[in-house]
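*Asks:* Protein chains in written order, with this note's numbering: chain A, 15 to 494; chain B, 15 to 494.
The structure is given below, and queries will be raised subsequently.
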């Protein structure tokens with residue numbers, strides 16, 4: 015791999031130049047901005063690497079979902095010419111495709127997204143978010159890490175293979191979303207509708223990073239999510255608060271309803287909420303144990319003396335990575351301005367999300383939440399679903415995880431940490447369940463990358479190492 | 015009185031003309047608009063009636079309150095020349111001043127306010143709010159009822175006395191506030207600082223009205239009020255909601271804290287909240303019983319099948335007029351926009367008001383609320399006070415109430431209803447407790463007057479009757 019690594023080092027500035035170009039396109043999916051232009055830029059880069067590219071609209075099979083304004087997916091494939099029938103690919107063994115399927119080479123699928131979060135609040139950026147700038151070895155700009163930096167590092171790794179060896183060592187596919195930052199609408203339907211196109215032997219997820227002490231992380235899973243809005247309307251219009259004697263108050267009813275959902279001890283009180291939570295395996299526990307203790311840094315970052323329920327050390331990590339949540343994301347009712355207004359609110363809304371762990375099912379939790387409210391006398395509280403994603407993960411023992419571990423060690427020169435699951439959520443489920451793929455991840459980030467926040471940035475060294483890791487992965491995946 | 019009533023009838027159009035002039039001045043205290051101009055207009059009318067007028071700034075004795083931007087009070091007095099020592103005034107008997115005090119005639123004090131509520135939402139007005147217009151026997155415009163219509167009716171009654179009899183039958187004073195609609199800041203201090211100036215034998219409050227079936231109401235009291243903002247801040251800045259596992263959530267803590275304050279059965283759970291609530295007297299209960307049943311109209315107006323706790327008929331009225339409340343006026347936390355944002359809120363706020371009944375004390379309730387939160391583990395919830403008013407009322411048996419009842423019967427030609435207390439609040443306490451006055455009320459309103467709302471209006475017939483009632487009150491107060 016040293017020839018390829020050398021090429022990557024010598025051409026890293028060019029790769030950064032490409033990243034700057036891409037980050038100048040303000041592809042904010044929440045605003046629908048620069049989407050077509052960015053999809054075109056990405057398609058052009060992939061075509062230059064020899065890929066066949068198609069920009070595919072997500073299906074509007076479920077009519078009511080199409081109104082969410084889903085953005086098109088950039089799909090690209092390069093089916094390897096070098097594949098020899100019967101060649102042994104250790105990575106593909108025992109995975110979602112039968113060994114030695116004669117029709118194609120072992121195929122690696124990359125999942126990325128070309129959209130970014132909004133840049134607001136703009137005044138907190140040191141330099142303009144869509145004019146990427148280098149400062150002290152770091153590149154600043156919206157999307158330099160999440161997810162354009164990861165995408166461009168992967169393209170740089172492919173270019174190195176192509177320039178140095180003349181071809182890729184395996185078949186490659188890309189599935190690059192345009193609306194991951196607004197929750198990947200219709201992704202499950204898209205994958206279902208394009209099973210053949212997306213067929214592969216393994217999948218690399220959107221990107222990861224290193225810990226503060228420089229250890230690259232390989233996440234294998236995500237939590238699921240149920241996002242709901244709880245609504246309450248008690249009277250036809252707001253009343254003077256002197257009617258507090260006799261008129262039902264929407265803010266009170268919502269408060270009472272919410273207080274039945276989670277107790278002060280942080281335990282979720284919805285009947286059956288924990289029924290399908292499976293115990294972590296010994297391997298998962300061991301992996302969490304091996305992860306660095308982030309308690310102090312987290313408490314410092316948020317200015318608190320202790321975590322909820324006084325969690326510390328390993329308990330803190332186990333809870334963070336392996337426990338489901340019930341979070342109030344927002345409350346709104348009545349008068350919210352300065353000072354006093356004596357009003358009895360007719361309407362009240364709460365946003366809530368539930369982070370779910372294997373084997374909880376968001377649709378099942380929705381049903382249980384409805385039943386819970388009804389049985390507690392809150393049949394009048396309406397529920398509106400704004401997102402449902404299943405938890406998903408690849409077992410630590412999967413062969414592809416071993417391949418990724420070695421590739422990341424090659425690229426970063428440090429022993430990787432296996433992260434059985436992230437605390438966050440992503441559209442991983444259809445790739446694992448529908449396509450049957452093992453999924454693992456590596457990437458350009460670091461703890462202060464400030465994704466989704468002002469001054470998003472990457473360290474150029476991390477970008478270089480992540481590029482090498484992807485190049486190494488191609489080689490190892492092929493069995494070289 | 016027929017001579018005076020005849021003058022009032024013949025000059026009613028002129029009085030309405032004056033009201034239209036006054037309502038053209040957009041004296042919105044919440045915006046500090048047209049305040050000086052309106053105070054000047056009111057002063058001019060009173061001077062034309064022979065009053066000595068002073069525009070007095072409210073004292074800024076309590077430094078921190080002066081920042082509320084209190085508006086000046088128009089104070090006016092006309093001390094009667096016709097008083098003969100030893101003349102028997104039935105109204106003044108046994109009230110706040112010793113009978114036969116030689117230095118002045120029996121004095122009637124009028125409380126009114128020259129400011130109005132904001133007119134917004136403007137698009138819901140049939141005609142512009144500050145261009146008063148007659149339609150079908152009603153006058154429409156902001157302030158035509160609350161409170162400019164009441165003030166102008168009173169001035170019209172005085173003019174009738176002066177034109178027909180050459181003088182007023184008793185001493186008269188006016189205390190006309192410029193910021194009642196923003197909660198009468200500093201009124202207790204103002205009354206305390208001006209006890210001598212405001213000394214009187216009885217007080218007429220800002221204005222009342224008739225029921226749907228035409229019976230004029232004479233309110234004698236108001237509830238007290240404690241307005242507080244409950245605040246919670248758990249972390250230094252909002253977090254990604256995946257941290258719901260380990261970071262304390264301000265919206266949850268506020269929800270839990272609020273849910274300890276009032277139960278689903280509508281009972282306030284603050285320890286000692288009901289300790290000082292005195293039982294209504296037999297007279298008060300009888301007065302509430304005599305009031306019309308408003309349950310059906312109220313339910314219809316707010317589109318509900320039943321009141322809280324299924325209250326009906328007399329129970330509905332007793333609760334509405336005589337029970338204290340705990341109302342959530344507003345909730346705000348985290349994400350409140352459309353759709354989903356996965357955020358764990360660092361801050362949450364609730365606005366609350368407590369309507370208090372005799373002999374509850376707002377400062378005592380504030381202390382009890384703080385203790386309640388502390389003892390339930392919510393020492394981190396902050397409390398900010400935005401208003402504290404004592405409940406206050408005049409006993410039904412006070413002689414002045416009898417005088418008012420007769421005067422209102424004269425003016426309206428219908429038997430009045432005594433309302434022991436309003437469900438709402440006003441700065442009545444210092445007039446009753448500091449000045450020692452009996453206070454009763456009558457006025458130009460009716461159930462569809464839409465005060466504080468678009469299309470505020472009065473019926474010209476009600477205005478005429480209220481003018482007569484005030485004229486009759488002057489005569490009866492004097493003992494004529």
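Positions of the beta carbon are idealized from the N, C-alpha and C atoms, including for glycine.
The structure presented is a predicted model; accordingly, all values stated were derived computationally and were not measured.
Rounded to the nearest angstrom, how far is the Cβ of residue 122 (chain B) from that of residue 216 (chain B), given a contact under 8 Å?
*Replies:* Indeed, because the Cβ distance is near 6 Å, the residues count as touching under 8 Å.
*Asks:* Can the beta-carbon of residue 370 (chain B) be found closer than 8 Å to that of residue 22 (chain B)?
*Replies:* No. Outside cutoff.
*Asks:* Give a yes or no on whether 8 Å exceeds the smallest Cβ distance from residue 400 (chain B) to chain A.
*Replies:* By this cut-off, residue 400 (chain B) is an interface position.
*Asks:* Using a Cβ cut-off of 8 Å, pull out every chain A residue sitting near residue 355 (chain B), in sequence order please.
*Replies:* Chain A residues near residue 355 (chain B): 343, 344 and 365.
*Asks:* Would you tell me roughly how many angstroms separate the C-alpha atoms of residue 410 (chain A) and residue 455 (chain A), rounded to the nearest one?
*Replies:* So the alpha carbons of these two residues sit roughly 12 Å apart.
*Asks:* Identify the continuous beta strand (DSSP E) that holds residue 263 (chain B) and give its terminal residues.
*Replies:* Premise fails: residue 263 (chain B) is in no beta strand (DSSP E) and is neither H nor E.
*Asks:* So that I know if they touch, is there some Cβ in chain B lying closer than 8 Å to that of residue 234 (chain A)?
*Replies:* False, the Cβ-Cβ gap to chain B never drops below 8 Å.
*Asks:* What's the C-alpha gap between residue 300 (chain B) and residue 483 (chain B)?
*Replies:* The alpha-carbon atoms of residue 300 (chain B) and residue 483 (chain B) are separated by roughly 24 Å.
*Asks:* So, is residue 389 (chain B) buried or exposed, given that buried needs 16 or more other C-beta atoms within 10 angstroms?
*Replies:* It counts as exposed.
*Asks:* Could you say which of B:280, B:156 and B:137 lies nearest to residue 324 (chain B) if we only look at CA atoms?
*Replies:* Among B:280, B:156 and B:137, the Cα nearest to that of residue 324 (chain B) belongs to B:280.
*Asks:* Could you check whether the Cβ of residue 253 (chain A) sits closer than 8 Å to any Cβ belonging to chain B?
*Replies:* Yes, its Cβ sits closer than 8 Å to a Cβ of chain B.
*Asks:* Going by other Cβ atoms of all chains shown within 10 Å of its Cβ, with 16 needed for buried, is residue 470 (chain A) buried or exposed?
*Replies:* Per the 10 Å Cβ criterion, buried.
*Asks:* Check whether the Cβ of residue 269 (chain A) lies closer than 8 Å to any Cβ atom in chain B.
*Replies:* Answer yes: the Cβ-Cβ gap between residue 269 (chain A) and chain B drops below 8 Å somewhere.
*Asks:* Would you kindly check if the distance between the Cβ of residue 84 (chain B) and the Cβ of residue 230 (chain B) is under 8 Å?
*Replies:* For residue 230 (chain B) and residue 84 (chain B), no; Cβs fall outside 8 Å.
*Asks:* Under three-state DSSP, which class holds residue 472 (chain B)?
*Replies:* Residue state, collapsed to three classes: strand.
*Asks:* Can you give, in chain order, each stretch of the alpha helix (DSSP H) that sits fully within the stretch 407-458 of chain A and has at least 4 residues?
*Replies:* Taking only runs of at least 4 residues, the alpha helix (DSSP H) segments lying wholly in the stretch 407-458 of chain A are 413-426.
*Asks:* Less than 8 Å separating the beta-carbons of residue 236 (chain A) and residue 418 (chain A)?
*Replies:* No, they are not a contact pair.
*Asks:* Can you find a CB in chain A that lies within less than 8 Å of the CB of residue 310 (chain B)?
*Replies:* Taking Cβ atoms only, chain A never reaches closer than 8 Å to residue 310 (chain B), which makes this a no.
*Asks:* Quick one: list the residues of chain A neighbouring residue 273 (chain B), beta-carbon separation under 7 Å, in chain order.
*Replies:* Correct list: 269, 270 and 273.
*Asks:* Any contact between the stretch 201-215 of chain A and the stretch 31-48 of chain B? By contact I mean 3 or more CB pairs, one from each, below 8 Å.
*Replies:* Judged by Cβ distances under 8 Å, the stretch 201-215 of chain A makes no contact with the stretch 31-48 of chain B, as fewer than three pairs qualify.
*Asks:* Can you check whether the C-beta of residue 26 (chain B) is within less than 8 Å of a C-beta belonging to chain A?
*Replies:* Not one chain A Cβ lies under 8 Å of residue 26 (chain B).
*Asks:* Which whole-angstrom value is the C-beta distance of residue 65 (chain B) and residue 29 (chain B), which I expect to be below 8 Å?
*Replies:* 17 Å between Cβ atoms; not a contact.
*Asks:* Please confirm whether residue 317 (chain A) has its beta-carbon closer than 8 Å to some beta-carbon of chain B.
*Replies:* Chain B, which has a Cβ nearer than 8 Å to the Cβ of residue 317 (chain A), makes this yes.
*Asks:* Are the CB atoms of residue 291 (chain A) and residue 338 (chain A) nearer to each other than 8 Å?
*Replies:* It is a contact, given that the beta carbons lie within the stated cut-off.
*Asks:* Is residue 259 (chain A) close to chain B? Criterion is C-beta to C-beta, closer than 8 Å.
*Replies:* Yes, residue 259 (chain A) lies at the interface with chain B (some Cβ there is under 8 Å from its Cβ).
*Asks:* Please list the residues of the stretch 320-334 of chain A that have a C-beta atom closer than 8 Å to any C-beta atom in chain B, keeping them in chain order.
*Replies:* Of all residues in the stretch 320-334 of chain A, 321, 322, 325, 330, 333 and 334 have a Cβ within less than 8 Å of some Cβ in chain B.
*Asks:* Tell whether a beta-carbon distance below 8 Å holds between residue 480 (chain A) and residue 174 (chain A).
*Replies:* For residue 480 (chain A) and residue 174 (chain A), no; Cβs fall outside 8 Å.
*Asks:* Could you tell me the distance, in whole angstroms, from the CA atom of residue 307 (chain B) to the CA atom of residue 423 (chain B)?
*Replies:* If I take the Cα positions, the gap works out to 21 Å.
*Asks:* I need the boundaries of the beta strand (DSSP E) containing residue 243 (chain A), first residue and last residue.
*Replies:* It spans 238-247 - the beta strand (DSSP E) in which residue 243 (chain A) sits, taken as one unbroken run.
*Asks:* Residue 57 (chain B) by DSSP, collapsed to three states: which one?
*Replies:* DSSP places residue 57 (chain B) in helix when its eight states are reduced to three.
*Asks:* Are the C-beta of residue 263 (chain B) and some C-beta of chain A separated by less than 8 Å?
*Replies:* Yes, residue 263 (chain B) lies at the interface with chain A (some Cβ there is under 8 Å from its Cβ).
*Asks:* What residues in the stretch 212-242 of chain A bring their beta carbon closer than 8 Å to a beta carbon of chain B?
*Replies:* Result list: 237, 239 and 241.
*Asks:* Using CA atoms only, rank isn't needed, just tell me which of A:243, A:188, A:69 and A:41 is closest to residue 362 (chain A).
*Replies:* When only C-alpha atoms are compared, the closest one is A:243.
*Asks:* Following the continuous beta strand (DSSP E) through residue 397 (chain A), name the residue where it begins and the one where it ends.
*Replies:* Residues 396-403.
*Asks:* Which residues bound the alpha helix (DSSP H) around residue 275 (chain B)?
*Replies:* No alpha helix (DSSP H) contains residue 275 (chain B), which DSSP labels as neither H nor E.
*Asks:* Residues in the same chain with beta-carbon distance under 6 Å from residue 138 (chain A), minus the five sequence neighbours each way, listed in chain order, please.
*Replies:* So the qualifying residues of the chain are 468.
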